[in-house]
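Undergrad: For the sequence shown, the numbering used here gives the first residue as -11, with consecutive numbering after it. Pasting a structure below so you can have a look.
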Amino acid sequence: MALQLRLSFMAAFSFWPDQLGLSEAPQEDKAVIDQDYDIRWLSWTGMETHMIFNLGVELPGFASFPLLETDRGRALLRKLYGDQIAVAQETGCGASLESVTWMANADRAAALGYDAERLARVNRDAIAFLREFEAEVPLRLSAQIGPRGDGYEAGSMTADAAQAYHARQIAVLAESGCDMISAFTIGSVDEAIGMVRAAMAVGVPITMALTVETDGRLPDGTNLNDAIMRIDADTSEGVKHYLVNCAHPDHLALETAGVRLSGLVANASRLSHAELDEAEVLDDGNPEELGQQIGALARTYPQMRIFGGCCGTDMRHLRAIGQSVHG
């Protein structure tokens, strides 16, 4: 029988270096910190593009959460999560399992016929589904949320409006027993601030994964370092970890932001977001090259511990990444 090794987010990630601006962990967590310091986590947010382009699965509105409502959909998700866990075990990494709730917010789900009650239920089901997995590697249950609108556009919400909007989904996911909230593909500083405030209000840790265009700036025009500084200033450093996702390593202009990042969940393609949005054929890039680039980042910025694949990636990319970050 497989050994359940799911680690709590707070224990597994309380070892980050002082340069990240985080407080030193309590002494009673010392044994856990020493034990888990070398864990690299594999995250995969490329499940949807893999299903659509490689498996021929129809996902109306790019939403994968409706798959939880059918036996066939659950079987497919179980297979994909299982593949991710297997690659993590093969490469000596932990597996960060991202719930299929990136699209499961009020506006985006309404177009698929979900009212508030049904939407809350599917968010809860997404975390309960992740809790079924067991493995001989550390597992982390990440409740994934996304922007209110298009992930490739900045949007126009104020921080207050974003907090009010995202509070319901974040509260439901937090109550469901996730290890953390992970906000992915966020292109607006104001929306990020609102998300962080909403997570802080219910006491759940939040990882903020910002996306950048080919010029290294968020879709709202803010450079990465300034975005992190503004979010920290407005939330009293409420973000537990910063990532970049849905961007290729070539698009990163890290400068001083590099030492603040906990990792990268990268696109396989070097194409811009606008080009990807119009693409009818999947650009899966070069898995080995992508792995080497991320491995180089891991060596340059040793505080980075979360790596993985976003649009256009599959197990080839995750395997190359997992192998490289241990190189």
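The beta carbon of each residue, even a glycine, is placed where N, CA and C say it ideally should be.
Quick check on this structure: which residue in Leu100, Glu201, Ala147 and Leu30 has the alpha carbon closest to the alpha carbon of Ala262?
TA: In the sequence shown, residue 262 corresponds to position 274, counting from 1. Of the candidates Leu100, Glu201, Ala147 and Leu30, the one whose C-alpha sits nearest the C-alpha of Ala262 is Glu201.
Undergrad: According to DSSP, which residues form a beta bridge with Val269?
TA: Within the sequence shown, the letter at position 281 stands for residue 269. Per DSSP, none; premise fails for Val269.
Undergrad: Assuming Arg66 is part of the alpha helix (DSSP H), what are its boundary residues?
TA: Your numbering for residue 66 matches position 78 in the sequence shown. Looking at the DSSP string, the run of the alpha helix (DSSP H) that includes Arg66 is Asp59 to Thr79.
Undergrad: Among Gly49, Glu36 and Ala83, which has the Cα closest to the Cα of Leu30?
TA: If you number the sequence shown from 1, residue 30 lands on position 42. That would be Ala83, whose Cα lies nearest to the Cα of Leu30.
Undergrad: What residues in its chain sit with their C-beta under 8 Å from that of Met145, if we drop five residues either side in the sequence?
TA: For the purposes of this step, residue 145 is taken as the residue at position 157 of the sequence shown. If we look at Met145 and ignore the five residues flanking it on each side, its Cβ neighbours are Arg136, Tyr153, Ser176, Asp178, Glu179 and Gly182.
Undergrad: Work out the CA separation of Asn213 and Glu95 for me, nearest whole Å.
TA: Start at 1 with the first residue of the sequence shown, and residue 95 comes out as number 107. Start at 1 with the first residue of the sequence shown, and residue 213 comes out as number 225. The residue asked about is misnamed: residue 95 is Asp in this sequence, not Glu. One C-alpha to the other measures close to 30 Å.
Undergrad: Less than 7 Å between the beta carbons of Glu141 and Pro207, yes or no?
TA: Position 153 of the sequence shown, counted from the start, is the residue given in the question as residue 141. Position 219 of the sequence shown, counted from the start, is the residue given in the question as residue 207. Result yes, Cβ atoms of Glu141 and Pro207 sit closer than 7 Å.
Undergrad: What's the call for Asp167, buried or exposed, on a 16-neighbour Cβ count within 10 Å?
TA: The residue given as residue 167 occupies position 179 in the sequence shown. Buried is the call here.
Undergrad: Answer yes or no: do Leu231 and Val253 have a C-beta to C-beta separation smaller than 7 Å?
TA: For the purposes of this step, residue 231 is identified with residue 243 of the sequence shown, where counting begins at 1. For the purposes of this step, residue 253 is identified with residue 265 of the sequence shown, where counting begins at 1. Yes, the pair counts as a contact, with Cβ atoms nearer than the cut-off.
Undergrad: Please state whether DSSP places Met35 in a helix, a strand or coil.
TA: To locate residue 35, count along the sequence shown from 1; it is residue 47. Met35: helix per DSSP, three-state reduction.
Undergrad: Would you check if the distance between the CB atom of Ser312 and the CB atom of Ile282 is smaller than 7 Å?
TA: The residue you call residue 312 lines up with position 324 of the sequence shown. The residue you call residue 282 lines up with position 294 of the sequence shown. Yes, they are a contact pair.
Undergrad: Going by DSSP, what residue range makes up the beta strand (DSSP E) through Thr173?
TA: As a working mapping, residue 173 is identified with position 185 in the sequence shown. Element bounds for Thr173: Met168 to Ile174.
Undergrad: Just the C-alpha distance for Thr58 and Phe117, rounded to the nearest angstrom, thanks.
TA: Mapped onto the sequence shown, residue 58 falls at position 70. Mapped onto the sequence shown, residue 117 falls at position 129. Roughly 13 Å between the two C-alpha positions.
Undergrad: Run through the segment 111 to 166 for me and flag every whole alpha helix (DSSP H) of 4 or more residues, listed as ranges in chain order.
TA: If only complete runs of 4 or more residues are kept, the segment 111 to 166 shows the alpha helix (DSSP H) at 147 to 163, in order along the chain.
Undergrad: Would you mind giving the Cβ-Cβ distance between Thr195 and Lys228, rounded to the nearest angstrom? I have them listed as a contact below 8 Å.
TA: Here the question's residue 195 lines up with position 207 in the sequence shown. Here the question's residue 228 lines up with position 240 in the sequence shown. Correct: roughly 6 Å between the Cβ atoms.
Undergrad: What's the C-alpha gap between Phe41 and Ile115?
TA: For the purposes of this step, residue 41 is taken as the residue at position 53 of the sequence shown. For the purposes of this step, residue 115 is taken as the residue at position 127 of the sequence shown. Their backbone Cα atoms lie some 26 Å apart in a straight line.
Undergrad: Report all residues from its chain with a CB closer than 8 Å to the CB of Ala308; omit the five preceding and five following residues, and keep chain order.
TA: Within the sequence shown, numbered from 1, the residue matching residue 308 stands at position 320. Pro275, Glu276, Leu278, Gly279 and Gln280, listed in sequence order.
Undergrad: According to DSSP, is Met196 part of a helix, a strand, or is it coil?
TA: Numbered from its first residue, the sequence shown carries residue 196 at position 208. Strand.
Undergrad: Of all the options Asn111, Ala74 and Asp222, which has the alpha carbon lying nearest to the alpha carbon of Leu127?
TA: Counting from 1 along the sequence shown, the entry for residue 127 is found at position 139. Minimum Cα distance to Leu127 is reached at Ala74.
Undergrad: CB-CB under 7 Å to Leu129, same chain, minus the five flanking residues each way: which ones, in chain order?
TA: Here residue 129 corresponds to residue number 141 of the sequence shown, with the count starting at 1. Contacts found: Arg(-6), Leu85, Ile115, Leu118, Arg119, Cys166 and Asp167.
Undergrad: Between which two residues does the alpha helix (DSSP H) containing Val184 stretch?
TA: Indexing the sequence shown from 1 puts residue 184 at position 196. From DSSP, the alpha helix (DSSP H) with Val184 extends over Val177 to Val190.
Undergrad: I believe Leu55 touches Gly61 by the beta-carbon criterion, under 8 Å. Please report the beta-carbon distance rounded to the nearest angstrom.
TA: Along the sequence shown, read from residue 1 onward, the residue named residue 55 stands at position 67. Along the sequence shown, read from residue 1 onward, the residue named residue 61 stands at position 73. Confirmed, Cβ separation roughly 3 Å.
Undergrad: Buried or exposed for Leu306, please, with buried defined as at least 16 other CB atoms from any protein chain shown within 10 angstroms of its CB.
TA: Position 318 of the sequence shown, counted from the first residue, corresponds to residue 306. So Leu306 ends up on the buried side.
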